[in-house]
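Below: the structure, in structure tokens.
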RNA sequence: GCCAGGGUAGGGUAGUCUGGUUAUCCUAAGGGACUGUGGAUCCCUCGACCCGGGUUCAAAUCUCGGCCCUGGCCCCA
């Protein structure tokens, strides 16, 4: 038997309903903040992703050549594509641009809990606003979205200025090595590397920086940093807005293109892959041949949110089954249409089963049954049976519709 | 790429240690009896040893390789 490809999943209706429910909660937050959905291709020129993240990531991407000999890749993330689209299509649109997306991404990695080869990201990109309140808005949205899903999380906010200030005398390559140690919390390796670089004293300052939890402490360790005023403002806005976060100046995000604020969200009960959100302020446009533009954004690992939420029973649609005999069939079709027109999910027997068998089936799949046999076809009334209580009565169609409607609104 | 544990009908399972009848049971699904409550009862049907090699008279069972799943390491844009 043919199996689905490694790291991919099938979603049955129950699970899709649960996923859509959460998806729409995220969409609703984006909408309320004025972020409108965009969509980019599922595959792009390979170069788009290697320019952003380096050649090394080719190993972790689905890379292929098309029949025209083009080097392409399934998107491993969306931010690069969104910025490419901005440069291609929307450079002169009035700033700021508030965009969001919900799309699947593909990475060739070893699957494990919360990590799949096809996975979904919900993301937000704010393009062209380079202010404290812009940073704060994006972080607020991140918090609102996680709140909306109901997931239990920690939001950690940091800023690259502090680390960059401490590392300002190091070459970029050396900075990257140090950042890598920090990101992994590998303090032994950190001390060793810094000793080799002739900066052993830095190890202590960096360790102190990472463990401090207030802006004042960080400033005390590092001294004045560029953009200090803006950081203070951003955090002030977050505090005023009641955003729950903790400061963490150890967030490096392992990236060269983040420029200022960075933040990450972590969920409980997820094991090794517990990061559910990551983002920050960045500059990418110049890589793709555009004028440089400040951006700030984040992406939520949708599948990890779903794993963390566990089995939340989806809100069930009220289901009405139309049960009829041959004499009632014509009338039953009219009745079904009347119910459907009011928005009620209405299902008819397609198996040519007897009345009893239809009811037996309805009892497993529906909340109400409307019985239409010879008697109802002649009288013009319907028999409505509540399949949970077994209670049943004969009444006119409008009253039956009203009762089922009322049950759905309970 | 590395480590550990797994893989028996759609779902859940027994059997594997100690090779040997027609592979167990529950459930789901389909059909029938019944023909206005059948949501019951009874009967029937469908349906599996992940794949491939090896050992053997004989493999779900032992063995080797692969695939896939679960978790961890690495990586994580």
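In this note's numbering, the protein residues as written are 1457 to 1866.
We treat Cβ as the ideally placed atom computed from N, Cα and C, and that holds for glycine.
The model shown is predicted, which means the values in this text are computed figures rather than measured ones.
Boundaries (first-last residue) of the alpha helix (DSSP H) holding residue i
i: residue 1659; result: 1656 to 1667
i: residue 1603; result: 1588 to 1605
i: residue 1821; result: 1811 to 1821
i: residue 1472; result: 1469 to 1488
i: residue 1853; result: 1853 to 1864
i: residue 1499; result: Run containing residue 1499: none in the alpha helix (DSSP H); it sits in the beta strand (DSSP E), 1499 to 1501.
i: residue 1758; result: 1758 to 1765
i: residue 1688; result: 1684 to 1696
i: residue 1545; result: 1535 to 1545
i: residue 1618; result: 1616 to 1622
Alpha-carbon to alpha-carbon, residue j and residue i
i: residue 1620; j: residue 1507; result: 22 Å
i: residue 1839; j: residue 1852; result: 8 Å
i: residue 1581; j: residue 1720; result: 15 Å
i: residue 1602; j: residue 1563; result: 24 Å
i: residue 1585; j: residue 1568; result: 38 Å
i: residue 1835; j: residue 1805; result: 22 Å
i: residue 1495; j: residue 1557; result: 6 Å
i: residue 1781; j: residue 1811; result: 6 Å
i: residue 1595; j: residue 1493; result: 18 Å
i: residue 1697; j: residue 1652; result: 45 Å
i: residue 1481; j: residue 1609; result: 16 Å
i: residue 1692; j: residue 1656; result: 35 Å
i: residue 1477; j: residue 1684; result: 40 Å
i: residue 1826; j: residue 1474; result: 28 Å
i: residue 1787; j: residue 1501; result: 58 Å
i: residue 1700; j: residue 1599; result: 8 Å
i: residue 1661; j: residue 1677; result: 7 Å
i: residue 1863; j: residue 1847; result: 14 Å
i: residue 1764; j: residue 1606; result: 10 Å
i: residue 1664; j: residue 1643; result: 11 Å
i: residue 1499; j: residue 1509; result: 16 Å
i: residue 1824; j: residue 1771; result: 17 Å
i: residue 1818; j: residue 1777; result: 6 Å
i: residue 1466; j: residue 1515; result: 25 Å
i: residue 1618; j: residue 1640; result: 18 Å
i: residue 1565; j: residue 1743; result: 26 Å
Three-state secondary structure (DSSP) of residue i
i: residue 1833; result: helix
i: residue 1730; result: coil
i: residue 1800; result: coil
i: residue 1782; result: helix
i: residue 1774; result: coil
i: residue 1634; result: helix
i: residue 1793; result: helix
i: residue 1459; result: coil
i: residue 1828; result: strand
i: residue 1705; result: coil
Sequence-distant residues of the same chain with beta carbon closer than 7 Å to residue i, five excluded per side
i: residue 1760; result: 1570, 1723, 1726, 1729, 1732
i: residue 1522; result: 1528
i: residue 1505; result: 1513, 1517, 1529, 1532, 1536
i: residue 1746; result: 1543, 1547
Residue environment, residue i, which counts as buried when at least 16 other CB atoms sit within 10 Å
i: residue 1520; result: exposed
i: residue 1458; result: exposed
i: residue 1612; result: buried
i: residue 1472; result: exposed
i: residue 1667; result: exposed
i: residue 1650; result: buried
i: residue 1766; result: exposed
i: residue 1845; result: exposed
i: residue 1807; result: exposed
i: residue 1593; result: buried
i: residue 1832; result: buried
i: residue 1552; result: buried
i: residue 1589; result: exposed
i: residue 1686; result: buried
i: residue 1468; result: exposed
i: residue 1784; result: buried
Residues of its chain near residue i, where Cβ-Cβ distance is below 8 Å and the 5 sequence neighbours each way are ignored
i: residue 1751; result: 1539, 1581, 1582, 1583, 1584, 1737, 1738, 1739, 1740, 1741
i: residue 1541; result: 1494, 1496
i: residue 1675; result: 1681, 1684
Contacting residues, own chain, Cβ-Cβ under 6 Å from residue i (five flanking each side not counted)
i: residue 1755; result: 1577, 1579
i: residue 1702; result: 1612
i: residue 1485; result: 1600, 1601, 1604
Endpoints, the beta strand (DSSP E) within which residue i is located
i: residue 1562; result: 1553 to 1562
i: residue 1724; result: Where residue 1724 is concerned, there is no enclosing beta strand (DSSP E), given that its DSSP letter is neither H nor E.
i: residue 1645; result: Element bounds for residue 1645: not the beta strand (DSSP E) but the alpha helix (DSSP H), 1643 to 1652.
i: residue 1676; result: Residue 1676 -> not in any beta strand (DSSP E); alpha helix (DSSP H) instead, spanning 1671 to 1678.
i: residue 1842; result: 1838 to 1842
i: residue 1579; result: 1574 to 1583
i: residue 1519; result: 1519 to 1521
i: residue 1528; result: 1527 to 1530
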